[in-house]
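Just so we're aligned, residue 0 is where the sequence shown starts under the numbering used here, counting upward by one.
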Amino acid sequence: MCPPSQPPIDPTANPFMARAVQLAQDSVAEGGGPFGAVIVKDNEIIAEAANRVVMDSDPTAHAEVGAIRAAARKLSSHVLEGCVVYSSCEPCPMCLGALFWSRVDRVYFGATRVDAAKAGFDDDALYNELALPLDQRAMPISQMDREQALSAFDAWRTHANRTPY
0 MCPPSQPPID PTANPFMARA VQLAQDSVAE GGGPFGAVIV KDNEIIAEAA NRVVMDSDPT
60 AHAEVGAIRA AARKLSSHVL EGCVVYSSCE PCPMCLGALF WSRVDRVYFG ATRVDAAKAG
120 FDDDALYNEL ALPLDQRAMP ISQMDREQAL SAFDAWRTHA NRTPY
């Protein structure tokens, strides 16, 4: 059986976004999710990834996370200042958090989280969940043993060779 044909990429589209969309389409053809991301620095792609959640049995194997990991390895830094991300879809809350932590300069996306929801993905529902108080969320979440947990921050503050984030 032949895989379904993919619509052609718009030749007038931004080439970096076009690459992200191509990665997403290729991922679908390979049995993955319809998400792709590229990271650009100095007008050159330094990292790219497609969704590999199902293929790797890893719920964190989103395109943006994969691209961030590859870019960080390439730059030998957890800080990606000077980089721009092009994602085929609006980043989910996990990916958005990773993008903030990586300190990229900017993010562009194609499809929205509402578009993803129409295709059966939870992105919009997750954003809605995060807006709720802890005791109203679908997954039970609660705090415990705060004083014990604070000891790790005390150790961090006094560690002489820590690398600030």
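Every residue gets a Cβ at the ideal spot worked out from N, C-alpha and C, and that includes glycine. If you're wondering where the values come from, they're calculated on a predicted model, not measured in any experiment.
Contact check, residue i vs residue j, beta carbons under 7 Å
i, j, result
"F175", "E80", "Nothing can be reported for residue 175: it is not among the residues displayed for the chain, which extend from 0 to 164."
"A48", "G32", "no"
"A36", "S86", "yes"
"A12", "I38", "no"
The alpha helix (DSSP H) enclosing residue i, as first and last residue numbers
i, result
"G65", "62-74"
"V113", "112-117"
"T157", "145-157"
"N127", "122-129"
"R18", "14-28"
Bounding residues of the beta strand (DSSP E) (the contiguous stretch that carries residue i)
i, result
"C91", "Where C91 is concerned, there is no enclosing beta strand (DSSP E), given that its DSSP letter is neither H nor E."
Selected residue, minimal CA-CA separation from residue i, among the options
i, options, result
"R68", "V53, E43, C94", "C94"
"P14", "L74, E43, A71", "E43"
"E146", "A154, A28, A97", "A154"
At which residue ranges does the segment 34-62 contain complete beta strand (DSSP E) runs of 3 or more residues, listed in the order of the chain?
35-40, 43-49
TODO: Please determine if the segment 115-129 and the segment 96-106 are in contact, where contact requires at least 3 C-beta pairs separated by less than 8 Å.
DONE: No, they do not touch.
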